[in-house]
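Working notes, beginning with the structure itself.
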Amino acid sequence: MGRILLVDDNDDSRFAVAETIRKLTDHSVDQARDGASALARVVENEYDLVLLDVQMPGLDGFETCRRLRADPRTRRVPVLFLTATQYQVESRLKGLELGADDFIVQPVSNQELVARIKAALRVKALSDEVRRHNVELETKVRERTHAAEHLADELRAERDNLRETFDVFEEALLLLDASGQVLVANAAGRRLHETSLARELSDLAADAVKNAATCDRPLSDLGRFFVGRAYPISGRRALLYIRDVTAERGLEIQRLQAEKLASIGMLAAGVAHEINNPAAFVLGNIEALVGQIRLIEERLKNGADPALRAGLEGLLFEVTSVLQESKEGMARIQRIVRDLSAFSHVDDDKQRVTDVNGAVESTLSLLRSELRHRAIVERDLRAVRLVRTSPARLGQVFLNLIMNAAQALNETDVKRNRILLRTYDSGDDVVFEVSDNGPGIAADLLPRIFDSFFTTKPRGIGTGLGLPISQGIVRELGGDITVETELGKGATFRVRLPAEHAIKAEPPSSPPVQPAYRRRRVLCVDDEALLLKAYRRMLADVHEVVTALGGRDALLILEKQQDFDLILCDLQMPEVSGMELYAAVKTLYPELAQRFVFVTGGAFSAEAKRFLEQAITCLNKPFRIEELLAVIERKIAERTGGLADAAVQNPRGLS
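Using numbering that gives the first Met the number 0, the first residue of the sequence shown is number 0, and each one after it goes up by one.
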């Protein structure tokens with residue numbers, strides 16, 4: 000059922016039309032006499048149709064129709080002009096242009112009037128249905144659009160999260176097509192693609208796409224090393240995963256370097272041990288022989304025939320000179336072996352109070368043959384304070400820096416080349432400097448000299464690890480290493496280390512007084528028969544000496560007699576070592592365990608090093624008679640609380 004507004008100023012006509020509609024339809028009809036009231040009622044009520052007379056006072060039908068169509072609230076209500084006047088075509092067109100839906104010219108049959116009204120209402124109903132569907136469709140479109148926009152926002156957020164997540168990775172990730180174009184990349188990938196590796200990355204992706212298989216390839220750029228892997232994916236694309244392995248490569252090379260140094264150290268320790276054993280008895284025999292020569296000189300002075308004495312004195316002087324030169328040579332061998340042994344412990348991180356000057360001298364003794372053909376070395380070692388460090392690692396720093404200075408010099412100009420080594424105290428620090436008068440370091444290279452693998456030396460000369468390793472060691476010790484340079488005038492590397500509170504003891508101003516010795520009973524144990532003979536020659540005038548060739552022989556002797564004041568024992572021997580002998584004696588004869596003094600040519604096994612870290616008295620080979628006698632007396636004094644009465648003074652004329 001529809002609701003119709005009938006607008007006509009003619010009461011009879013309005014009544015007749017209203018009655019016809021009521022009789023022939025089930026629609027309701029409201030009435031208005033003019034256009035103004037019609038407009039007000041259409042706004043206030045919802046009508047399905049307006050039947051509008053054209054000629055009315057005030058607002059005519061045309062103006063009323065125009066206003067209905069102009070108002071958004073009424074523009075969709077169908078309007079049928081109902082008039083008794085036959086209008087011209089122009090007027091009818093005007094009405095249609097103003098928005099009228101139809102013209103009904105009376106007289107008209109009731110059936111036609113009702114049919115026209117029903118047609119207009121059907122059009123209205125269909126229009127409303129279309130509008131309703133449009134509204135529903137627009138609502139759904141808005142909802143779908145909102146959902147799509149929300150989904151797009153979520154996708155953008157996920158994309159941003161994914162990009163931020165990928166950018167966190169230090170490894171480079173790139174998605175490339177077969178032509179090498181970057182489709183997606185994280186921050187590391189974008190940076191890498193901007194380097195000279197871009198072409199190689201494209202080739203790697205192309206190979207993966209072409210072969211439809213994963214491809215691996217090593218890459219390098221400006222001293223950086225990478226491992227690249229390309230995975231083929233659909234759409235003729237490849238995903239590249241590039242990992243920077245510079246640090247790993249450095250650690251691996253450093254590990255190999257450490258293993259190499261450890262192997263060299265073990266070899267050096269073994270060589271030192273083998274050299275020290277014969278050096279010990281050679282030096283002992285030389286000193287014993289010097290003592291014998293002096294006894295011969297005294298006897299010649301006291302009672303020999305003057306003619307015989309005159310003939311022998313020149314010969315004895317020559318023999319003494321030869322022996323003294325041999326002693327000096329053996330002392331030099333001793334120092335070289337000692338320095339070699341110290342440097343062989345580069346894996347020893349145990350820190351102790353260390354003399355920087357001594358570390359410099361030890362390093363120079365190892366580099367003597369290398370430096371003599373390159374430069375003149377000048378020393379200015381004035382440091383008094385000590386540092387707490389691993390002597391071997393400090394020696395490694397000095398060796399790297401001195402060799403670096405030497406290799407910077409031109410080998411063809413040895414007379415001009417200078418290397419200056421300085422040590423001095425500076426506030427709370429001890430400073431070591433090595434300066435050369437070489438070409439210096441260019442400004443563009445200076446920031447990179449401490450980078451791993453960076454070197455300006457020819458292949459095979461430098462690894463690019465000496466300076467970074469030295470810097471790492473110095474920083475671990477709480478110090479710092481810096482460099483000053485000027486092109487054409489050389490470079491100075493400066494190591495600054497925190498000083499210990501302890502101060503080096505000043506050397507005695509006068510020679511010590513020769514001690515007096517009481518005769519002791521000493522058991523000497525060694526696997527070197529010649530060293531046992533040397534013991535007898537060195538000690539026979541002072542102490543009673545019993546010798547044992549190895550640990551097994553010593554145990555057999557100790558089964559029968561234990562009245563020894565001291566046991567001189569080699570540390571490393573075949574069959575029964577000094578450590579094993581000490582353990583057996585500690586179990587069988589505990590009172591003798593405190594009387595051991597171990598003599599070693601170098602503890603190159605880990606077990607021997609751990610053993611000596613205990614409160615063990617140790618004497619290093621080779622040694623002089625004075626050192627041996629002093630150690631014996633000091634060990635006995637520790638046990639007895641002081642030196643006993645002396646019976647022998649200055650044996651064999653020792654000085």
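For glycine and all other residues, C-beta sits at the position ideal for the given N, C-alpha and C.
A quick note: this is a predicted structure, and the numbers were derived from the prediction, not measured.
Following the DSSP letters along the chain, one finds I566 in no alpha helix (DSSP H) but inside the beta strand (DSSP E) bounded by residues 565-569.
Scanning V433, Q291, S469 for the CA closest to the CA of R421 turns up V433. Shortest Cα-Cα distance from V107 to any of V88, T82, R130, V122 involves T82.
Here I285 is not near T319, since their CB atoms are 8 Å or more apart. Comparing alpha carbon positions, the residue from P497, L50, V41 closest to D7 is L50.
Listed in chain order, the non-local C-beta contacts of I418 below 6 Å within the same chain comprise A374, V376, A404, D435, local neighbours out to five positions each way being set aside. Secondary structure of D540 (DSSP, three-state): coil.
Contact between the region 573-586 and the region 528-536 is not established, with fewer than three Cβ pairs separated by less than 8 Å. For the pair of segments examined, the region 131-148 was found not to touch the region 161-171: the number of CB pairs separated by less than 8 Å stays below three.
Looking at the backbone, the Cα of Q105 and that of V129 are separated by about 32 Å. The criterion of a C-beta distance shorter than 8 Å is satisfied by I103 and L79. Contact annotation: A498 and V429 have beta-carbon atoms nearer than 8 Å. For the alpha helix (DSSP H) assignment, the uninterrupted runs of no fewer than 4 residues enclosed by the region 130-202 are, from N- to C-terminal side, 186-192.
For G600, the three-state secondary structure derived from DSSP is coil. Going by beta carbons, Q571 and A528 fall outside the 8 Å limit. Straight across, the Cα-Cα distance linking R367 with Y588 is about 49 Å. C-alpha of T73 to C-alpha of L161: approximately 54 Å in a straight line.
I232 sits exposed, since fewer than 16 C-beta atoms from the chains shown fall within 10 Å of its C-beta.
Per the coordinates, the alpha-carbon of D10 lies some 60 Å from the alpha-carbon of E148. From the listed residues R378, L398, L370, the smallest Cα separation to D412 is found for L370. DSSP places F622 outside both helix and strand once states are collapsed to three, so it counts as coil. When Cβ pairs closer than 8 Å are counted between the two stretches, the region 389-404 is seen to touch the region 466-475, the count reaching three or more. The DSSP-derived three-state label of Q613 is coil. Around the Cβ of L125, a 10 Å sphere holds fewer than 16 other Cβ atoms; the residue is exposed. In the same chain as T481, and ignoring 5 residues on each side of it, the C-beta atoms closer than 6 Å to its own belong to R493, in chain order. Three or more beta-carbon pairs separated by less than 8 Å are not found between the region 178-185 and the region 217-233, which leaves the two stretches without contact. In this chain, the alpha helix (DSSP H) harbouring Y581 covers 577-587.
E632 is classed as buried because its beta carbon has at least 16 other beta carbons within 10 Å across all chains shown. Take A119, set aside five residues on each side of it, and the residues of its chain with a beta-carbon closer than 6 Å to its own are L48, P77, L79, D100, in chain order. Distance from the CA of F622 to the CA of G489, rounded to the nearest whole angstrom, comes to 42 Å. Take the alpha-carbon of V386 and the one of G249: they are about 29 Å apart. For T213, there is no enclosing beta strand (DSSP E), since its DSSP letter is neither H nor E.
Taking each of D354, T484, A35, L565 in turn and checking the Cα distance to A442, the smallest one comes out for T484. V524 is positioned such that its CB atom lies closer than 8 Å to that of D569.
For the options N409, Q395, A156, L203, the alpha carbon positioned closest to that of V355 is the one of Q395.
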